Amino acid sequence: MRKLVLMRHGESQWNLENRFTGWTDVDLTEKGEAEAKNCGLLLREAGFQFDIVHTSLLKRANRTMEICLHEMGLSVISIKYNWRLNERHYGALQGFKKSRNSRGIW
1 MRKLVLMRHG ESQWNLENRF TGWTDVDLTE KGEAEAKNCG LLLREAGFQF
51 DIVHTSLLKR ANRTMEICLH EMGLSVISIK YNWRLNERHY GALQGFKKSR
101 NSRGIW
């Protein structure tokens with residue numbers, strides 16, 4: 001039976017800072033890298049194998065994917081990159097903190 005696994009990227013620097021990220025290409029934090037590693041270990045322990053991976057163009061998603069696949073022992077796999085999988089674009093909100101104070105920019 002085929003299975004579809006959906007995974008979100010690990011914590012990014014702007015997630016940590018509680019900012020609207022959108023298409024801004026920010027790095028993972030150390031915690032985000034650890035989350036990706038843990039995800040890969042859990043998937044490996046559960047016996048998952050992948051034929052193909054689909055990912056966005058953003059480096060936080062790609063780094064998460066790389067770490068996860070490494071932990072699973074999958075080095076040769078088909079990877080499809082597509083901007084349509086990028087996070088929602090927040091326009092002028094990108095970079096703003098997600099606080100009550102940001103309501104003034106609406």
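Here my numbering is used: position 11 in the sequence shown is 11, and no number is missing along the way. Every residue gets a Cβ at the ideal spot worked out from N, C-alpha and C, and that includes glycine. These figures come from a predicted structure and were not determined experimentally.
Residue 77 sits in coil when the DSSP states are folded into three classes, being neither helix nor strand. When DSSP states are grouped into helix, strand and coil, residue 9 belongs to the coil group. Secondary structure remark: continuous beta strand (DSSP E) runs of at least 3 residues inside the region 32-63, in chain order: 52-55. Residue 28 carries a strand assignment under DSSP once its states are collapsed to helix, strand and coil.
When the five nearest sequence neighbours on each side are left out, the beta carbons in the same chain lying within less than 7 Å of the beta carbon of residue 50 are those of 74 and 77, in order along the chain.
In this structure, DSSP gives residue 84 a helical state, which the three-state scheme calls helix.
The straight-line gap separating the alpha-carbon atoms of residue 18 and residue 53 is approximately 28 Å.
Taking every protein chain shown into account, the CB of residue 45 has fewer than 16 other CB atoms within 10 angstroms, so this residue is exposed.
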